[in-house]
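Asks:
Residue numbers (our numbering): 1 to 278.
#1: How long is the line joining the alpha carbons of residue 197 and residue 138, rounded to whole angstroms?
#2: Does the Cβ of residue 120 have 16 or more other Cβ atoms within 10 Å, making it buried, or fewer, making it exposed?
#3: Does the contact criterion of 3 or more C-beta pairs under 8 Å hold for the region 192-210 versus the region 55-67?
#4: State the start and end residues of the unbroken alpha helix (DSSP H) segment that holds residue 106.
#5: At which residue ranges does the region 205-253 contain complete alpha helix (DSSP H) runs of 4 or more residues, listed in the order of the chain?
#6: Spatial neighbours of residue 47 within its chain, please: CB distance less than 7 Å, with the 5 preceding and 5 following residues excluded, ordered by chain position.
#7: Is it true that the CB of residue 264 sits closer than 8 Å to the CB of residue 93?
#8: Kindly indicate which three-state DSSP category residue 6 falls into: helix, strand or coil?
#9: Consult DSSP for residue 94 and reduce its assignment to one of helix, strand or coil.
#10: Measure the beta-carbon distance from residue 148 to residue 124 and round it to whole angstroms, keeping in mind my assumption that it falls under 8 Å.
#11: Using 8 Å for Cβ pairs, my map puts residue 136 next to residue 215. What's the rounded Cβ distance?
#12: Between the alpha carbons of residue 31 and residue 117, how many angstroms are there, rounded?
#13: Once the 5 residues before and after residue 131 are set aside, which same chain residues still bring their CB inside 8 Å of it?
#14: Starting from the C-beta of residue 109, find all residues in its chain whose C-beta is less than 8 Å away, skip the five residues before and the five after it, and write them out in chain order.
#15: For residue 114, which residues in the same chain have their Cβ closer than 8 Å to its Cβ, ignoring the five residues on either side in sequence?
#16: Quick check on DSSP: helix, strand or coil for residue 133?
#17: Compute the beta-carbon to beta-carbon distance between residue 106 and residue 84, rounded to the nearest angstrom, for a pair I have assumed lies under 8 Å.
#18: Could you check the C-alpha separation between residue 12 and residue 189 for me, to the nearest Å?
#19: Check residue 115 in the structure and name its three-state DSSP category.
#20: Would you tell me roughly how many angstroms separate the C-alpha atoms of residue 63 and residue 192, rounded to the nearest one?
#21: If you drop the 5 nearest sequence neighbours on each side, which residues of the same chain put their C-beta closer than 7 Å to that of residue 275?
#22: List the DSSP bridge partners of residue 83.
#23: Would you kindly work out how many angstroms separate the C-alpha atoms of residue 80 and residue 57, rounded to a whole number?
#24: Using DSSP with H/G/I as helix, E/B as strand and the rest coil, what is residue 261?
#25: Starting from residue 24, follow the alpha helix (DSSP H) in both directions and report where the run begins and ends.
#26: In the DSSP assignment, the alpha helix (DSSP H) including residue 63 goes from what residue to what residue?
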């Protein structure tokens, strides 16, 4: 996250020099913080709406409700709201800006194929995200990627209307070149950082969930089932893909470098190693 903030700060400084107005840099950073705050506050509601999630009460699905409730008590967390997505693909995600405003959401496809211990593993994983404040990290990372993309787009557009007088060619030529390079590369770098954060937090949530249930095999088997059936949802929303326990998008990345999730095989391997060392 520190590197991420440094990228935004560096791009803001370069934007100020590129526009011949260095004093604009603090305003760029303030704007980035405001945007991140708005995303942090409203991001969970947007994620639920984009994926068609519907809130339930205990009588709608007693097994799911009790599983969430029992594990929340085990982890010392407030009871989160529970949502369900009508979709045959097995998947789940957690959102909300902090444990007091947390949401756990699962698909009907997940409920259909999971045994009790496997469902416990999935819910424990999602509550691990809540406990570790991964939701906050994900929302801020997503907002920073958006800020970088906006700045880069403005810099590219400015380059087309820039004067080519002697002053620009002499005094600002270096910043002109740096501005073009940064505008092209910055969104890619920012996205790579966001994806790296997302992958690392998935491993951490796996470990936290396994410790909560004291049965890593439950989550390992659940992940294997998700891997075999596929977690791609009918509603495709790239902006919320990083929240899910498995990649909800159709198709596979050319390389793991551009995946929001670690390979399921590696996650299962780590979980089973935890079980052998328990």
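Beta carbons are placed, not taken as given, at the ideal position from N, Cα and C, and that holds for glycine. Please read all numbers here as calculations on a predicted model, not as lab measurements.
Replies: Based on what the coordinates show:
#1: Stepping through the chain shown from its first residue, residue 197 is reached at position 197. Stepping through the chain shown from its first residue, residue 138 is reached at position 138. Cα-Cα distance, rounded: 8 Å.
#2: Indexing the chain shown from 1 puts residue 120 at position 120. Buried, because 16 or more other Cβ atoms sit within 10 Å of the Cβ of residue 120.
#3: Taking 8 Å as the limit for Cβ pairs, the verdict is that the region 55-67 does not touch the region 192-210.
#4: Position 106 of the chain shown, counting from 1, holds the residue named residue 106. That residue, residue 106, is in no alpha helix (DSSP H); its beta strand (DSSP E) goes 103-107.
#5: Fully enclosed alpha helix (DSSP H) runs of 4 or longer: 216-229.
#6: Position 47 of the chain shown, counting from 1, holds the residue named residue 47. Same-chain partners within the cutoff: 95, 240, 243.
#7: Position 93 of the chain shown, counted from the start, is the residue given in the question as residue 93. Position 264 of the chain shown, counted from the start, is the residue given in the question as residue 264. Contact: no.
#8: On the chain shown, residue 6 is found 6 positions in, with the first residue counted as 1. Helix.
#9: Numbered from 1 along the chain shown, position 94 holds the residue referred to as residue 94. Looking at residue 94 - three-state DSSP - the assignment turns out to be strand.
#10: Working through the chain shown from its first residue, we reach residue 148 at position 148. Working through the chain shown from its first residue, we reach residue 124 at position 124. 34 Å between Cβ atoms; not a contact.
#11: Counting from one through the chain shown, the residue named residue 136 turns up at place 136. Counting from one through the chain shown, the residue named residue 215 turns up at place 215. So it is not a contact: roughly 28 Å between Cβ atoms.
#12: Stepping through the chain shown from its first residue, residue 31 is reached at position 31. Stepping through the chain shown from its first residue, residue 117 is reached at position 117. Taking the straight line from one Cα to the other gives about 46 Å.
#13: In the chain shown, residue 131 corresponds to position 131, counting from 1. Taken in chain order, the residues that qualify are 75, 77, 99, 208.
#14: For the purposes of this step, residue 109 is identified with residue 109 of the chain shown, where counting begins at 1. Cβ within range, chain order: 87, 88, 89, 90, 91, 229.
#15: Numbered from 1 along the chain shown, position 114 holds the residue referred to as residue 114. Cβ within range, chain order: 90, 122, 222, 225.
#16: Within the chain shown, residue 133 is the residue found at index 133, counting from 1. Residue 133: coil per DSSP, three-state reduction.
#17: Mapped onto the chain shown, residue 106 falls at position 106. Mapped onto the chain shown, residue 84 falls at position 84. Indeed they touch by this definition, with Cβ atoms about 6 Å apart.
#18: Counting from 1 along the chain shown, the entry for residue 12 is found at position 12. Counting from 1 along the chain shown, the entry for residue 189 is found at position 189. Straight-line Cα distance between these residues: approximately 15 Å.
#19: Taking the first residue of the chain shown as 1, we reach residue 115 at position 115. Residue state, collapsed to three classes: coil.
#20: Translated into positions along the chain shown, residue 63 becomes position 63. Translated into positions along the chain shown, residue 192 becomes position 192. Approximately 38 Å, taken between the alpha carbons.
#21: Along the chain shown, one-based indexing puts residue 275 at 275. 216, 217, listed in sequence order.
#22: Numbered from its first residue, the chain shown carries residue 83 at position 83. Its beta-bridge partners are 55, 105.
#23: Locating residue 80 in the chain shown gives position 80, where the first residue counts as 1. Locating residue 57 in the chain shown gives position 57, where the first residue counts as 1. Taking the straight line joining both Cα atoms gives about 11 Å.
#24: The count along the chain shown starts at 1 and reaches residue 261 at position 261. Looking at residue 261 - three-state DSSP - the assignment turns out to be coil, as it is neither helix nor strand.
#25: Within the chain shown, numbered from 1, the residue matching residue 24 stands at position 24. It is not in any alpha helix (DSSP H) - residue 24 carries neither H nor E in the DSSP assignment.
#26: In the chain shown, counting from the first residue as 1, residue 63 sits at position 63. Note, residue 63: alpha helix (DSSP H), 62-75.
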